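Reading through the structure tokens given below for one structure.
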Amino acid sequence: MAAALAGVWNVATSDNFEEYMKASGVGFMTRKLAGTVKPVLTITVNGDDITINSKSTFKDHTVSFKLGETFDEETIDGRKYKSIFNWTDGKLVQTQTGENASVITRYLKDDHLVIDMDCNGVKATRTYTKA
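Position 78, counted from 1, in the sequence shown is what the UniProt record's numbering calls 78; the numbers after and before it change by one each time, with no gaps.
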């Protein structure tokens with residue numbers, strides 16, 4: 001269940017994140033800045049309603065959604081997508097549609113939150129530890 005992802009998470013590792021942001025259409029200055037910050041994620045789950053809040057020295061961003069329902073999403077840097085989140089095989093899978101869209105998969109592994117990102121074959125992974 002998605003409830004297992006609930007909590008406050010601190011970024012621990014980041015692999016290929018800048019290249020992923022570049023593939024996603026994130027501008028140069030934003031990529032450089034975003035690559036240096038260590039966001040804190042707060043995930044709250046109430047049944048099928050989920051909120052993910054990212055807080056950092058760069059900018060705060062919140063996305064709220066209901067599992068299985070498509071919605072309009074604006075990213076932290078202003079890009080716009082249609083997004084849908086589904087719980088599939090023990091993972092929270094976000095599928096974006098639009099220019100430079102991504103599939104973002106969130107799951108637990110060895111008490112860490114793992115976020116795998118894929119944009120047009122450019123992949124990145126970030127891991128988080130529970131605060």
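Glycine included, every Cβ here is placed at the ideal spot set by N, Cα and C.
Only a predicted model underlies this, so the values are computations on that prediction, with no experimental measurement involved.
- Across the structure, Y20 and C119 are spaced so that their CA atoms are roughly 7 Å apart.
- For F71, the uninterrupted beta strand (DSSP E) segment begins and ends at 71 to 74.
- In the DSSP assignment, A124 is bridged to M117.
- Between H112 and A2, the gap from beta carbon to beta carbon reaches 8 Å or more.
- Annotated as distal: A124 and V40, with beta-carbon spacing of 8 Å or more.
- Assignment of F28 by DSSP, reduced to helix, strand and coil, places it in the helix class.
- Judged by beta-carbon spacing, V63 lies beyond the 8 Å limit of A6, meaning their Cβ atoms are not closer than that value.
- Straight across, the Cα-Cα distance linking Y81 with T129 is about 28 Å.
- Going by beta carbons, K66 and D49 fall inside the 8 Å limit.
- Contact between K38 and S56 holds, since their C-beta atoms are separated by about 7 Å, short of 8 Å.
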